[in-house]
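Here's the structure we're looking at; comments come further down.
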Amino acid sequence: MKSQEYLQRLHELLEGELPIEQEEELFWRLATEEELRAAFRELVVLNRLLRQEPEPPSASVQEALLEQLGLTQRRPLWRHPYLWVAALLGAIGGAGLAVVGFLLLGRAHLPEPVQQPFAAPTPAEVRPHIPSTPPAAPSRVSSEPQGQPTAVASEPVLSSTAGPALTLAEPRLLPLPSPTADSRPVPLPKAPNAVPYRESPPLFFSLRSLGAWEYSWPDVALPSRGPIGLRDVALGVWTPLAPGHAVGLEIGSEAFSQEFSTRDGVLYRQRPTLLWAGPSYWWSMASTPSGLTAELRFTVAATLIGPVGKLWLGTSVPLGASAHALVGLEGSLLGYRVDGTWFVSRKAGLSYGITLGR
Amino acid sequence: MSSAADEELFQQLRSGNRREAEAAFRELYARYAHRLYTYCARIMGNRYDAHDVLQETFIRIWQSAQQERRMSNVPAFLFRIARNVCLNFKRDNRSAYEFDEELHGSSPSPVGAVEQAELFGLLQQAMTQLPLEYREALVLREQLGLAYAEIAELLGITETTAKVRVFRAKEKLRQILAPYIQELRLSSSQR
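Now the structure itself:
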């Protein structure tokens, strides 16, 4: 028998189609012929390779088909893939409107600073002015039951339930007291440790660079190009809510490392520069006598591919009347979704910048 | 819906009720898309064309269903359409891709996974060198697990011819891959 025929029997053996009466002869041949054994090994590997299944087709194919055939059901709003983008943009817009509203309306009701001492007498200094002696021309006063005369106030007509009932037959105006010491301006008492009033500015601005000496997870050492020439910068506009607290809006451009695999099994490593924007909260915690202030800032922002959370912890140093230098550590977390799976990019690094008008 | 026969699902594709038609389409897709995609990917040699062919195949299935045709063997019909679309793609030379090294399957074991993946890439490349009639017989037999009788019916050939094509295809592949398999065996025995 030719070796080609034994090869064919090998194929049949591996497919389970070799008649049992032919097996013994083939096994004997395998035991004695190295070439056939090598072919057998190769066929085993080949069969294993051939039976590997590729990944399933991309899920997007089915959706594209349904759409093309007009079979797509209307997707519920809450399952819309860009719902969170709309929600974040709404939050940003809402925060912006709140800030504007606060600036336009809230401040209009704040008390104006006191410029002049208040001239009105305080309650303790208001006393009824009753002459100690009756006037020269006594009024007609009837008194029941005692009939004793009593003092008459200038106006209005008085009645008292506690004392004897009085009837003012003909009320008469008493002379008003002349301006005396009672009507003099009363100086306000000084509050202890009074701070001179200083109107805080309605807005201040911050500009900072992000991620100097940054560390990223995943670590993708690829260059990144900014979409509009900006790289790793953030601009913020803030309004103080209370001493030490401010809210604002930040917009920035920043590179994030990404590593993810698609449903097709393709691994992507990239480092795109993303624009982000979102509301932010700024807390100035404590100051040293030299003016250094510990500060914390928390931002929730949106990019076109997913949400970003940012936390900054650092210090500010006064540079002048209204400028401060900022240095701190900043951590960022970007979430994004590919083929139904969420991936996360993390980065941390030194951040520095400046605030103006604060 | 999931227990419905293929023929019932095919009938429901032309249902006036859009929701019912969509459910039938989704079920047919769930049953056959992976196998059709496997076939298309092996014949076309890359997943990009395979996705296009798969999409066109299902569109044609939908169109056929709207023509009120009776269907007795849906899987055979599906593969016939897929085959025609693949052949049209090949004939019209519409492919922008030659070979896709990323068309990996699941590795049988983590040991030597890299070598396996490399070998699998070589297998894909080697398969593109096979004549189309050998390649499709091999894919239908080895990767889709069809019986020789089904392959014969699908390709319009005799069962013996189907067997010969599969045998020749595997022999050709074995000869192409033999040096690599030998090398893999040597390197794994040295570890």
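Protein chains in written order, with the working numbering: chain V, 1 to 358; chain F, 1001 to 1191.
Note that the Cβ used here is the ideal one computed from N, Cα and C, for glycine as well.
Opposing strand residues paired with residue i [DSSP bridges]
| i | result |
| --- | --- |
| S332/V | K310/V, K347/V |
| A1021/F | None, per the DSSP bridge assignment. |
| F204/V | W238/V |
| L274/V | E254/V |
| A286/V | A294/V |
| V247/V | T239/V, Y281/V |
| W342/V | R337/V |
| P233/V | Here the sequence assigns Val to residue 233/V, which means Pro is not the residue at that position. In the DSSP output, where bridge partners are listed per residue, V233/V has S209/V, S253/V. |
| W217/V | R346/V |
| Y352/V | S209/V, V327/V |
| F260/V | Y268/V |
| T315/V | A294/V, V327/V |
Cα-Cα separation between residue i and residue j, rounded to whole angstroms
| i | j | result |
| --- | --- | --- |
| C947/F | I1157/F | The question about residue 947/F has no answer here: the residues shown for chain F are numbered 1001 through 1191. |
| A1082/F | E214/V | 51 Å |
| A191/V | L356/V | Because the pLDDT at A191/V is just 48, under 50, the model does not fix this residue reliably, and the value given afterwards should be weighed accordingly. Taking the straight line from one Cα to the other gives about 32 Å. |
| G244/V | S287/V | 10 Å |
| A348/V | G1016/F | 57 Å |
| E1008/F | R1070/F | 10 Å |
| E1136/F | I1043/F | 7 Å |
| P307/V | L334/V | 6 Å |
| E254/V | S290/V | 33 Å |
| L1184/F | L1132/F | 28 Å |
| R1018/F | A1004/F | 17 Å |
| Q1143/F | T1038/F | 8 Å |
| V237/V | L207/V | 9 Å |
| M1127/F | Y1134/F | 9 Å |
| R37/V | A31/V | 8 Å |
| L1130/F | K1172/F | 8 Å |
| Q8/V | P19/V | 12 Å |
| Q68/V | V338/V | 22 Å |
| R1174/F | L26/V | 19 Å |
| L50/V | G353/V | 60 Å |
| L1138/F | P272/V | 43 Å |
| E1159/F | G1145/F | 15 Å |
| P227/V | V1074/F | Confidence at P227/V is low in this model, with a pLDDT of 46, below 50, so the placement of that residue is unreliable and no value is reported for it. |
| A409/V | A95/V | Missing from the structure shown is residue 409/V; chain V here goes from 1 to 358 and no further. |
| L210/V | E1118/F | 42 Å |
| L1123/F | R41/V | 16 Å |
| A86/V | S332/V | 21 Å |
| Q62/V | R1035/F | 14 Å |
| R1080/F | K1163/F | 19 Å |
| V44/V | F1120/F | 14 Å |
| A39/V | E15/V | 15 Å |
| V300/V | R1026/F | 39 Å |
| V1085/F | V1053/F | 6 Å |
Residue span of the alpha helix (DSSP H) that contains residue i, given as start and end
| i | result |
| --- | --- |
| S3/V | 3-15 |
| N1084/F | 1074-1092 |
| I305/V | Element bounds for I305/V: n/a, residue is neither H nor E. |
| L1130/F | Counting along the chain, L1130/F falls outside any alpha helix (DSSP H), and DSSP gives it neither H nor E. |
| V44/V | 34-50 |
| R1047/F | 1047-1066 |
| I1142/F | Reading the sequence as shown, one finds Glu at residue 1142/F and not Ile. Where E1142/F is concerned, there is no enclosing alpha helix (DSSP H), given that its DSSP letter is neither H nor E. |
| L1155/F | 1148-1155 |
| S322/V | Premise fails: S322/V is in no alpha helix (DSSP H) and is neither H nor E. |
| L65/V | 59-68 |
Residue i, enclosing beta strand (DSSP E) - first and last residue
| i | result |
| --- | --- |
| R1014/F | Here R1014/F belongs to no beta strand (DSSP E), and DSSP marks it neither H nor E. |
| V300/V | 293-302 |
Interface residues of chain C facing residue i [CB-CB closer than 8 Å]
| i | result |
| --- | --- |
| Q270/V | Given the protein chain composition of this structure (V and F), no chain C is represented. |
Do the segment 271-285 of chain V and the segment 242-250 of chain V touch if we need at least three Cβ pairs shorter than 8 Å? yes
Listed in chain order, which residues of the segment 22-41 of chain V have Cβ atoms closer than 8 Å to some Cβ of chain F? A38, A39, R41
Between the segment 255-262 of chain V and the segment 334-344 of chain V, do three or more beta carbon pairs fall short of 8 Å? yes
Cβ contact check for the segment 1036-1052 of chain F and the segment 56-72 of chain V: 3 or more pairs under 8 Å: yes
Mind listing which residues of the segment 326-349 of chain V have their C-beta closer than 7 Å to chain F's C-betas, in chain order? none
Three or more C-beta pairs below 8 Å linking the segment 1167-1184 of chain F and the segment 1148-1157 of chain F: no
Check each residue of the segment 1027-1050 of chain F: if its Cβ is closer than 7 Å to any Cβ of chain V, include it; give the result in chain order. Y1029, A1033, H1034, Y1037, T1038, A1041, R1047
Identify each residue in the segment 1006-1027 of chain F for which the Cβ-Cβ distance to at least one residue of chain V is less than 9 Å, and report them in chain order. R1018, R1019, A1021, E1022, F1025, R1026
Tell me which residues of the segment 10-21 of chain V have at least one Cβ-Cβ distance to chain F shorter than 8 Å, keeping chain order. H11
Of the residues that make up the segment 1054-1087 of chain F, which ones have a beta carbon closer than 8 Å to any beta carbon in chain V? L1054, Q1055, F1058, I1059, W1062
Looking at chain F, which residues of the segment 48-71 of chain V have a Cβ within less than 9 Å of any of its Cβ atoms? In summary, the residues of the segment 48-71 of chain V whose CB is separated from some CB of chain F by less than 9 Å are R48, L49, L50, R51, Q52, E53, P54, E55, P56, P57, S58, S60, V61, Q62, A64, L65, L66, Q68, L69, G70, L71, in the order they occur in the chain.
For the segment 1145-1170 of chain F, which residues have a CB atom closer than 7 Å to at least one CB atom of chain V, in sequence order? F1167, K1170
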